[in-house]
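Under my numbering, think of the first position of the sequence shown as 98, with each following residue one higher.
Think of the CB as a built atom: it goes at the ideal place given N, C-alpha and C, for glycine as much as any other residue.
Step one of this worksheet: look at the structure below.
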Amino acid sequence: MARGRNLQLDLDEIESLQLQTKNNLKKQAENQSHANSYIKKNKPIPADLSAEIKNNQAEVAKQELQINARKETLEKTRSHFKEDKIRFNVLKNKANQVNTLAETPSSTKP
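Structure representation (structure tokens):
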């Protein structure tokens, strides 16, 4: 249960970042289309449009880094819980062996 909660937070954040990236890419495509129309007319691209294109590119790059960081965190969480499960099973098996040894009758009784 704890594993699921921890993973869900990261999955939700990844989904949110991917949606933001998709929206930024859509906006970037629109801006690039406007810029191309200026280029076709041999007119200079307005400074605000050029700045917005650069800002969108920077934002998309930043979001991609955040997505990759979240995916890395997701894998670390999975690995951590997998190690905990292995450790628990080892300890449980050792406890069962100790209980089994304690329950077996001793052959040295007279």
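At the C-beta level, L114 and Q163 come within 8 Å of one another.
The three-state reading of DSSP puts N153 in helix, counting H, G and I together. Between A155 and I142, the gap from beta carbon to beta carbon reaches 8 Å or more. For N133, the uninterrupted alpha helix (DSSP H) run begins and ends at 99–137, by DSSP.
Ranking V157, L106, A99 by CA distance to the CA of T170 puts L106 first.
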